[in-house]
Structure formats: structure tokens, C-alpha cells
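Colleague: I have a structure here, written as C-alpha cells, and I will follow up with some questions on it.
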Amino acid sequence: MAQAPLKVKRKEKTRITKKQQNPKKAAPKIIKPKNKQLAQMAKLNKSYSVTHQTEKLIASRVGHLELLKGSRREIERAEKEKKRKEALKGK
Numbered sequence: 001m002a003q004a005p006l007k008v009k010r011k012e013k014t015r016i017t018k019k020q021q022n023p024k025k026a027a028p029k030i031i032k033p034k035n036k037q038l039a040q041m042a043k044l045n046k047s048y049s050v051t052h053q054t055e056k057l058i059a060s061r062v063g064h065l066e067l068l069k070g071s072r073r074e075i076e077r078a079e080k081e082k083k084r085k086e087a088l089k090g091k
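Put into C-alpha cells, the structure is as follows:
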């Protein structure tokens, strides 16, 4: 007579272990201004600070953005000075 394969049971653990669950820290409480004008300013400040942080992050990774070199006017002024010096050298 054919026999079925033996059923092997795994040995049960003597104690139950649980994964450690670290609770999330509470976010800092933000008090929003009630005055319309102040609320508008807060909104602008938030959006521009996020933009500034993003540009700073990208500039630190890339290294050739105008944020590191200066503003557009400073760059143009430097280029004009460079051209003027080259023109004086040529004479």
C-alpha cells in the first residue's frame, strides 16, 4: 500500500516576540495669523522660503547655478568687466 509523505511540523517558538514600534513625534504646533494682511504675508513667506530651500539644495548638488555665483545683475556686471578688460588688453 502506498504511503503519503510525512507531515513535518515546525517547532513552535517558546516565546512570542514583537517588532518594536516607535511612535511618531508630534509636529510642532503652528499658530496661523487671523489678520488678513498678516495671513497673506505668512503665505508668501512660506512659499518663498520653500523655493529658497529647494534652490539651495539643488545648487549644493549641481554647483553651477546662479544662486552660488550671485544674482543676475552681479553676473552681468562681472561679464561686462571681463569684456572691458579684454578690450583694453587688445589695444
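In terms of full-length UniProt numbering, the sequence shown is residues 1 to 91.
Just so you know, even glycine gets a beta-carbon here, dropped at the ideal spot from N, CA and C.
Quick caveat, the model's predicted, so the values are computed rather than measured.
Quick check on the DSSP output: the alpha helix (DSSP H) that includes Val50 runs from which residue to which?
Modeller: Val50 -> alpha helix (DSSP H) spans 36-62.
Colleague: Could you spell out the range, first to last residue, of the alpha helix (DSSP H) harbouring Glu12?
Modeller: No alpha helix (DSSP H) contains Glu12, which DSSP labels as neither H nor E.
Colleague: Taking Lys80 as part of the alpha helix (DSSP H), name the residues at either end of that continuous run.
Modeller: Where Lys80 is concerned, the enclosing alpha helix (DSSP H) stretches over 72-90.
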